[in-house]
Amino acid sequence: MFKITTQKRYRKKIDSFRKEKGILESLNNQLTANISSLQTNIQSQKEQLKILNYKWQHQQLLWLANDKLAPLFTAKGLLEFEKLKLNLDSLSKQDLDDLYFLLFLARQYNTLKSKGLTVLVEPKFLALNIQNADSLYKNIADIYKKYNISSNLPALDEVFVTHAGLKFLPPEVIAKLKGTVAFSAGAYWGDSPISLYEYYNFEKIFGFEPLFSNFQIMESLVNNNNLQNTIIPIQKGLGEKEETLTFQYDPNIDIAGTNYGGTFINSKTTNKTESLAITTIDQTVAQYNLNKVGFIHLDVEGFEQPAIRGALTTIKRDKPVLSVSLYHNFNDFTHIKPLIESLNLGYKIIIRRLSTTPYELSLLAY
């Protein structure tokens with residue numbers, strides 16, 4: 001009886017494997033055709049595109065296409081990309097396909113440049129699919145004035161316009177956030193905690209920012225505006241366990257003035273580093289005896305998956321809304337969605353571009 005049951009179980013596994021193998025082969029054939037079509041149409045596409053608004057986007061696209069997200073352009077990477085789109089809505093698939101096309105185009109940069117052509121970006125790749133975007137942009141000046149924020153600090157649209165992705169969610173989901181706790185990791189100079197405080201009724205907002213220069217600005221803003229009872233700045237990184245790592249940064253980049261890609265967490269030492277304590281969301285929830293966590297926002301330069309694993313108890317207990325950056329590396333891009341799905345909590349998952357920056361994709365789970 002044991003042998004028969006075991007054989008049946010293995011037959012089912014083999015049948016399942018064969019079925020999946022057939023699906024992947026079919027996807028591979030489709031991808032091959034799609035890439036061929038992209039290559040055929042590249043000339044007409046680049047003629048229709050508009051020049052990038054500023055040089056930074058251009059540089060980042062090149063960097064992502066040829067480094068952090070380069071595996072997308074391997075056979076295995078293409079299959080992972082197609083699997084990522086499974087069970088997503090049409091807007092999620094469109095945002096993913098748009099990014100893939102821009103990265104594909106960026107990979108052709110040197111060839112195009114040698115022919116005297118320019119890598120261009122069509123306006124549709126820079127538009128935000130949310131209501132009242134214009135009024136939200138206009139509100140930024142009022143927020144800066146209200147909280148006495150220096151005009152030297154950049155106003156990012158992923159913070160002040162799309163609100164870390166919350167603007168894409170249904171009203172009934174937003175209503176449930178009232179009176180809950182929010183976690184903002186990668187809180188920068190305090191922009192995200194300030195925005196969450198301004199637009200939403202969270203009981204507490206924890207802002208995690210490991211780089212000291214950014215943390216100082218955030219702490220000063222909180223103190224100067226008497227927000228200590230609601231916004232709690234913490235100079236720590238988030239991870240899977242409590243430990244001490246090194247925070248690497250590019251000393252040639254004014255982090256508090258740009259926030260553009262100069263920092264990441266690693267266990268190796270470079271010429272310019274800061275040691276920092278890593279904590280977990282679960283540990284913070286226990287330390288502050290927090291009852292209900294409603295929102296977790298993670299934009300932590302490729303450390304998103306450890307931060308999620310360090311929050312599993314809280315996520316399983318409260319099922320908070322999640323906003324997680326995807327674009328920092330290939331592993332995050334393809335594995336964060338399966339990680340959240342594996343929890344079997346019934347999350348609805350969408351992927352949205354949070355910014356006019358064409359690669360700023362985040363996963364939203366609610």
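Numbering (the numbering used here), first residue to last: 1 to 366. From the three backbone atoms N, C-alpha and C, an ideal C-beta is built for every residue, glycine too.
- S92 is positioned such that its CB atom lies closer than 7 Å to that of I350.
- Looking at the DSSP output, I336 bridges to nothing.
- The beta carbon of G294 is closer than 6 Å to those of L177, T180, P320 in its chain, skipping five residues each way along the sequence.
- With a 10 Å radius around the Cβ and a threshold of 16 neighbouring Cβ atoms, Y288 comes out exposed.
- The Cβ atoms of S362 and S323 sit closer than 7 Å to each other.
- Shown here, L84 sits in a helix according to DSSP, grouped into three states.
- The straight-line gap separating the alpha-carbon atoms of P71 and L88 is approximately 22 Å.
- In the same chain as K337, and ignoring 5 residues on each side of it, the C-beta atoms closer than 7 Å to its own belong to L84, I349, L363, in chain order.
- Rounded to whole angstroms, V173 and I231 show a C-alpha spacing of 22 Å.
- Taken through DSSP and simplified to helix, strand or coil, K178 comes out as coil.
- When only Cα atoms are considered, N344 and I194 end up about 32 Å apart.
- When DSSP assignments are scanned along the region 156-244, the uninterrupted stretches of alpha helix (DSSP H) that are 4 or more residues long and fall wholly within it turn out to be 157-160, 171-175, 191-199, 212-224.
- In the structure shown, F303 adopts coil according to DSSP, grouped into three states.
- For V285, no pairing in a beta bridge is given by DSSP.
- Ranking V161, L196, K236 by CA distance to the CA of N214 puts K236 first.
- For L363, the enclosing beta strand (DSSP E) stretches over residues 361-365.
- Per the DSSP secondary-structure output, F295 pairs in a beta bridge with A182, V321.
- Cβ contact annotation for I234 (same chain, cutoff 8 Å, sequence separation greater than five): F206, G207, F208, E209, T279, T284, in chain order.
- Listed in chain order, the non-local C-beta contacts of I140 below 7 Å within the same chain comprise A155, F160, local neighbours out to five positions each way being set aside.
- If you look at I140, you'll find it in the alpha helix (DSSP H) that goes 133-146.
- Around L169, the same chain offers V321, L364, Y366 as residues with beta carbons nearer than 8 Å, after the five sequence neighbours per side are excluded.
- Between D299 and A185 a beta carbon distance of about 7 Å is seen, short of the 8 Å cut, so the two are scored as contacting.
- Shown here, I315 sits in a helix according to DSSP, grouped into three states.
- Here T334 is buried. Its C-beta has 16 or more other C-beta atoms within 10 Å.
- Distance from the CA of A187 to the CA of N129, rounded to the nearest whole angstrom, comes to 24 Å.
- In this structure, the alpha-carbon of L105 lies about 48 Å from that of N226.
- In the structure shown, I130 adopts coil according to DSSP, grouped into three states.
- Shortest Cα-Cα distance from E240 to any of D97, Q216, Q305 involves Q305.
- About 26 Å separates the Cβ atoms of T314 and S275, ruling out a contact at the 8 Å cut-off.
- Around the beta carbon of T162, a 10 Å sphere encloses 16 or more other beta carbons of the protein chains shown; the residue is thus reported as buried.
- Counting along the chain, the unbroken beta strand (DSSP E) around L276 starts and ends at 273-279.
- Per DSSP, the continuous alpha helix (DSSP H) segment holding F104 begins and ends at 90-107.
- One Cα belongs to I143, the other to F202, and the distance between them is close to 18 Å.
- Inter-residue distance for L102 and L166 is about 25 Å (C-alpha atoms, whole angstroms).
- Taken through DSSP and simplified to helix, strand or coil, I350 comes out as strand.
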